[in-house]
Amino acid sequence: MLGAMLATASRVLGALFLVTLSSCATLRNALTFEKPQIDLQEIHVTSLGLSGGTMDLVFDVYNPNDYRLRSTRLEVGLELAGTDFGQALIDKPLDLSPVNHSQVVMPVRFTWAGVGAAAKSLLQAQELPYGLTGAVLLDTPIGEKRVELKSSGKVPLKKLLR
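Below is the structure:
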């Protein structure tokens, strides 16, 4: 009887030790969180109409953390050549592998009013300046976290004319 109680107590203590150990790893991961980096790689115009069109924004998203991140929502505002081109949203789960790059494609609608300044820039340069602002909602080891995103750069003209 005493032997059975000791065996049960030993199993319970072992289980508690494993839970504590995994909690420490979760806490360590949460404390070493680095925000993902996002860069616009390409723009693919997918349709054109009388009032505007749609395009796919192809992003490179880098997760610098040693653990997988899962996003529940990604939203960005796009500016091309100093002109607001609209908002893009992905509200389905995205998995970002640890210490890895992931390609994310976001559709965005635009109006011809926004294309005017960008078209002028296209005629004057070999690349188009862009700016991104937005946020990503991430499931982290200690709960949901909203991470603000900001990126800017230039997209080569050849990528726009594919």
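At position 116 of the sequence shown the residue is numbered 1342 (the working numbering), and the sequence of numbers has no breaks. Built from N, CA and C at the ideal position, the CB exists for glycine as well.
Residue i to residue j span [Cα, whole Å]
i       : j       : result
Gly1369 : Lys1380 : 35 Å
Ala1361 : Gly1278 : 25 Å
Leu1392 : Leu1304 : Absent from the model: residue 1392. The displayed extent of the chain is 1227 to 1388, so no value can be given.
Tyr1293 : Gln1352 : 39 Å
Tyr1288 : Leu1266 : 12 Å
Asp1286 : Lys1261 : 14 Å
Leu1276 : Gly1342 : 14 Å
Glu1268 : Leu1320 : 19 Å
Arg1299 : Leu1364 : 8 Å
Thr1337 : Ala1307 : 15 Å
Leu1315 : Glu1301 : 4 Å
Val1373 : Arg1296 : 12 Å
Gln1313 : Val1331 : 13 Å
Leu1354 : Ile1264 : 17 Å
Gly1357 : Pro1333 : 16 Å
Per DSSP, the bridge partner or partners of residue i
i       : result
Ile1368 : In the DSSP output, where bridge partners are listed per residue, Ile1368 has none listed.
Phe1336 : Gly1279
Ala1314 : Val1302
Glu1374 : Ala1361
Arg1296 : Asp1321 and Asp1365
Gln1263 : Tyr1288
Gly1379 : Tyr1356
Val1330 : Phe1285
Val1271 : Met1281
Thr1234 : Looking at the DSSP assignment, Thr1234 forms no beta bridge with any residue, so it has no partner.
Thr1258 : Its beta-bridge partners do not exist; DSSP assigns none.
Contacts around residue i, its chain only, beta-carbon distance under 6 Å, and the 5 residues preceding and following it disregarded
i       : result
Thr1359 : Gly1303 and Lys1376
Own chain, CB closer than 7 Å to residue i, minus 5 neighbours either side, in chain order
i       : result
Pro1324 : Asn1289, Asn1291, Asp1292, Tyr1293 and Arg1294
Asp1317 : Arg1299
Asn1326 : Asn1289
Presumed contact (8 Å Cβ cut-off) between residue i and residue j, rounded CB distance
i       : j       : result
Arg1335 : Thr1280 : 5 Å
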